[in-house]
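Protein chains in written order, with the working numbering: chain A, 2 to 173; chain B, 73 to 116; chain C, 5 to 527.
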Amino acid sequence: DLGAIGDNLSGLAMSSGGTHDQQYNLQMLESAFYKLPQPRDSERAKSYTARHPTVTPQSYPQVQAPIVNNPAFWDRLGSDNIGTDTLFFAFYYQQNTYQQYLAAKELKKQSWRYHKKYNTWFQRHEEPKFATDDFEQGTYVYFDFHIGNDEMQNGWCQRIKTDFKFEYNFLE
Amino acid sequence: LGIDLTTLGLNLNSAESLYRTFGSPWTDEPVKGDPDFTVPQCYY
Amino acid sequence: EPDPAAFQEQVSLLFAEWYKIYELPGVNDQLTARFVLQLQQNGLLKADDTSDRFFRRLLDVAVSHCISSEAAVQSHQQTQTLSFLAIDMYASLVFSILKFSSADHGLSKMSLLSKVLTVTVRFIQKDAEEKKISFNPRPYFRLFINWLLDLNTLDPVFEGANFQVLTALATSFHALQPLKVPAFSFVWLELVSHRSFMPKLLSGNGQKGWPYFQRLLVDLFQFMEPFLRNAELGEPVRFLYKGTLRVLLVLLHDFPEFLCDYHFSFCDIIPPSCIQMRNIVLSAFPRNMRLPDPSTPNLKIDLLAEISQSPRILSEVDAALKAKQMKSDVDEYLKTRPQGTSFLSELKQKLLLSPSEAARAGTRYNVPLMNSLVLYVGMQAILQLQARTPHGQSMASNASLAIFLVGAALDIFQTLILELETEGRYLFLNAVANQLRYPNNHTHYFSFILLYLFSESNQEAIQEQITRVLLERLIVNRPHPWGLLITFIELIKNPRYNFWSRSFTRCAPEIEKLFESVSRSCG
């Protein structure tokens, strides 16, 4: 069915339509020309709804600054260390947006890798001690959330883990 | 039936894959984002 | 048979229930899983007619909702605003069913998907048949886009699950091809070339997706062929044509090997008038290859490493010969080259179409058969040559030996060039020129054949026609296949062919200028 051309063509000499004639095909094509798929038709709503929106004073910017749509901005954030937190912030708090994509792309450029099971980003702290086709193992830095206690409030942090096995089937 | 193909808006000299930014057959506008780099909805 | 009234009511209520879950912000796996389980327990997801009706009814509701949302517009406005809420809901429900259904309680995920796709295809076909020019393909476009984006994210339960999803979609698109549902054509092209479908089907999986995509591309060319035959395009056809060119360029850039390996199939169906489109296919070359500049002085083609290698051809080259029961006669002739056989004199007749077939095809000759005959004979000749060439020597260094050894093939080619009149000869020469591609032994052999036929012909009309076939492929905008350039440069540079002394190179000032400019652009 898939191999021989014969199935498709039945000899070029066969009528030019499966069940329709040329005139019909042209008519249908013409009517379809006025119902073309629009760019909007294949776009997903990229809206993000915050779970717990924070009330901010009116003096704070109320709309997104246009620069966050510029990939060069994210490039800049990635190329200095302070920017990494911003990348993580955008990734987790701006889910399903273009900014999340840009942040993820930048994190990847900075050699962070996303683990699908733990839903967080890992970076090799050193060359892996072992590596097979299925996993690598060694010391990694990863991005985590610290649950507050008497000494410290809730917050994002980076932790280091020795002898961690990163299985590639969890690699995003 | 011959046209200057450089007018179709595809950078044929690009070192990167074209399909990653290919919007549609009807436009020369590239699409934002990379479908291969799936960005998950995650719990935190 | 129409659905029972109570059934339609039940499905509408379920859809409304689904809406409540759908509109909740964030991810709601627990609620969704429970809803799917409920559907299963209600017997709506089994391997029977009830589930078909369930999906069909939902689709009907979703599409009706979408169409009825068309904002009231003036008749001159191109496209209307549509609400896709119901379509998105339905797409999401199908996705959720696939994600959360358990095979212990019913169908496997792939069977469910096949079922949904079959229902969808049939629904679209029926809708288009009934509504005709008022058929609106956009709701279905939105539906498939949702699935293209989401179905790839289903957890791979088993090896190759995503590939099965892709081929299931490819099969659906084949059933919805332009020849079957012409009003779906623009939507169809955007779907099959979508970046979440086409590159996924073509990458990985050991190229198992290739035959599926080849079939889709042939579907497209088959539909366009009658329109493009006479190169008179109205706006809708021109629009589709330009869209096709864009898709071909993406393929040329990102998946050239795919175009290389199926070039034969595509040349069967691309009309001779679409020279640039055909050139795009023929210009493809494997990404790891470096092509030397054809205008390099003293370029020694024979010494290129690739020139002795056979190109990979995945199309079935001898299919047309087999279908016409000619293959064994051809084999016989090539093997024994018998004297006093009617094989050669009967060739022309076998290549002609019946008057009614010819009327439909717009040509007197069976083009796929011609293409098959020419390439098959050439390939057999190359095999014979290689078998008799001492190891280490290239085929090319035995040029005169070649002529002697492959006499049988040459008999066939010379019969064709002498016996067929202008139209047939043109199609024959096209079949030869279609093999002038990247450096390989087919390009080399057929380039040799073309130049040989030029030099050995004592009729200037034939030499002129050979020249014309090459020239028309060169005067269109780029790209131009490497083998085409090499052959033309050889023709005009090598004194052996006495090209510039032929009267047709000077038959009119415009022609002279044309030759000058083409030879300049060839370096």
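No residue lacks a Cβ here, since even glycine has one placed at the ideal position from N, Cα and C.
What you are looking at is a predicted structure, and each value in this text was computed from that prediction instead of being measured.
By the criterion of Cβ-Cβ separation under 9 Å, what are the contact partners of residue i in chain A?
| i | result |
| --- | --- |
| residue 68 (chain C) | The contacting residues do not exist; residue 68 (chain C) stays about 16 Å from chain A at best. |
Count the other CB atoms, across all protein chains shown, that sit within 10 Å of the CB of residue i; report buried if there are 16 or more and exposed otherwise.
| i | result |
| --- | --- |
| residue 284 (chain C) | buried |
| residue 73 (chain A) | exposed |
| residue 33 (chain C) | exposed |
| residue 200 (chain C) | buried |
| residue 42 (chain A) | buried |
| residue 322 (chain C) | buried |
| residue 65 (chain A) | exposed |
| residue 157 (chain A) | exposed |
| residue 161 (chain A) | exposed |
| residue 329 (chain C) | exposed |
| residue 355 (chain C) | buried |
| residue 369 (chain C) | buried |
| residue 131 (chain A) | exposed |
Considering only the alpha carbon of each residue, which of the options lies closest to residue i?
| i | options | result |
| --- | --- | --- |
| residue 103 (chain C) | C:146, C:120, C:62 and C:36 | C:36 |
| residue 149 (chain C) | B:96, B:81, B:73 and B:75 | B:96 |
| residue 85 (chain B) | C:122, C:125 and C:257 | C:257 |
| residue 482 (chain C) | C:354, C:287, C:468 and C:214 | C:287 |
| residue 196 (chain C) | C:23, C:209 and C:223 | C:223 |
| residue 302 (chain C) | C:493, C:272 and C:48 | C:493 |
| residue 192 (chain C) | C:300, C:504 and C:175 | C:175 |
| residue 107 (chain A) | A:77, A:98 and A:132 | A:77 |
| residue 143 (chain C) | C:123, C:94, C:99 and C:105 | C:94 |
| residue 533 (chain C) | C:232, C:132 and C:460 | Past the edges of chain C, shown from 5 to 527, lies residue 533 (chain C), and the structure says nothing about it. |
| residue 583 (chain C) | C:48, C:27, C:356 and C:38 | This structure does not reach residue 583 (chain C), given that chain C is present from 5 up to 527, and the question cannot be answered. |
| residue 187 (chain C) | C:156, C:12, C:138 and C:202 | C:138 |
| residue 314 (chain C) | C:447, C:220 and C:64 | C:447 |
| residue 385 (chain C) | C:373, C:414 and C:369 | C:414 |
| residue 454 (chain C) | C:336, C:202, C:276 and C:471 | C:471 |
| residue 21 (chain A) | C:136, C:91 and C:115 | C:136 |
| residue 68 (chain A) | A:90, A:100 and A:38 | A:100 |
| residue 307 (chain C) | C:316, C:67 and C:296 | C:296 |
| residue 194 (chain C) | C:339, C:166, C:84 and C:248 | C:248 |
| residue 474 (chain C) | C:461, C:359 and C:490 | C:490 |
Against residue i, what residues of chain A qualify as contacts under a CB-to-CB distance less than 8 Å, listed in chain order?
| i | result |
| --- | --- |
| residue 140 (chain C) | 36 |
| residue 99 (chain B) | 40 |
| residue 145 (chain C) | 38, 42 and 43 |
In angstroms, rounded to a whole number, what distance separates the CA positions of residue i and residue j?
| i | j | result |
| --- | --- | --- |
| residue 80 (chain B) | residue 289 (chain C) | 21 Å |
| residue 279 (chain C) | residue 73 (chain B) | 8 Å |
| residue 81 (chain A) | residue 146 (chain A) | 22 Å |
| residue 40 (chain A) | residue 444 (chain C) | 42 Å |
| residue 166 (chain A) | residue 125 (chain A) | 11 Å |
| residue 261 (chain C) | residue 267 (chain C) | 10 Å |
| residue 5 (chain A) | residue 121 (chain A) | Note that residue 5 (chain A) scores a pLDDT of 33, beneath 50, so its modelled location is shaky; the value from the coordinates is reported in the next line. Answer to the nearest angstrom: the Cα atoms are 49 Å apart. |
| residue 26 (chain A) | residue 34 (chain A) | 12 Å |
| residue 97 (chain C) | residue 65 (chain C) | 13 Å |
| residue 479 (chain C) | residue 522 (chain C) | 7 Å |
| residue 273 (chain C) | residue 439 (chain C) | 15 Å |
| residue 505 (chain C) | residue 467 (chain C) | 12 Å |
| residue 85 (chain C) | residue 63 (chain A) | 29 Å |
Under 8 Å between beta-carbons, which chain B residues line up against residue i? List them in chain order, please.
| i | result |
| --- | --- |
| residue 515 (chain C) | Going along chain B, no residue has its Cβ under 8 Å from residue 515 (chain C), so there is no contact; the nearest lies around 19 Å. |
| residue 258 (chain C) | 89, 90 and 91 |
Per DSSP, which one or two residues make a beta bridge with residue i?
| i | result |
| --- | --- |
| residue 116 (chain A) | A:121 and A:172 |
| residue 325 (chain C) | Answer is none; residue 325 (chain C) lacks a bridge partner. |
| residue 36 (chain A) | Beta-bridge pairing links residue 36 (chain A) to no other residue. |
| residue 157 (chain A) | A:146 |
| residue 139 (chain A) | A:165 |
| residue 131 (chain A) | A:138 |
| residue 356 (chain C) | C:369 |
What residues from chain B crowd round residue i, counting only those whose CB sits closer than 7 Å?
| i | result |
| --- | --- |
| residue 278 (chain C) | 73 |
| residue 203 (chain C) | 91 |
Output, in chain order, the set of chain A residues within a Cβ distance shorter than 7 Å of residue i.
| i | result |
| --- | --- |
| residue 191 (chain C) | 38 |
| residue 187 (chain C) | 29, 32 and 33 |
| residue 194 (chain C) | 38 |
For residue i, go through chain B and note every residue whose CB falls closer than 9 Å to its CB, in chain order.
| i | result |
| --- | --- |
| residue 232 (chain C) | 73 |
| residue 235 (chain C) | 73 |
| residue 197 (chain C) | 91, 94, 96 and 97 |
Chain C partners of residue i, CB-CB under 9 Å?
| i | result |
| --- | --- |
| residue 120 (chain A) | Chain C residues near residue 120 (chain A): none, gap ~12 Å exceeds 9 Å. |
| residue 23 (chain A) | 230 and 231 |
Any heavy atom of the ligand ADP closer than 7 Å to the Cβ of residue i?
| i | result |
| --- | --- |
| residue 190 (chain C) | Ligands are entirely absent from the displayed structure, and the ligand ADP is therefore not among its contents. |
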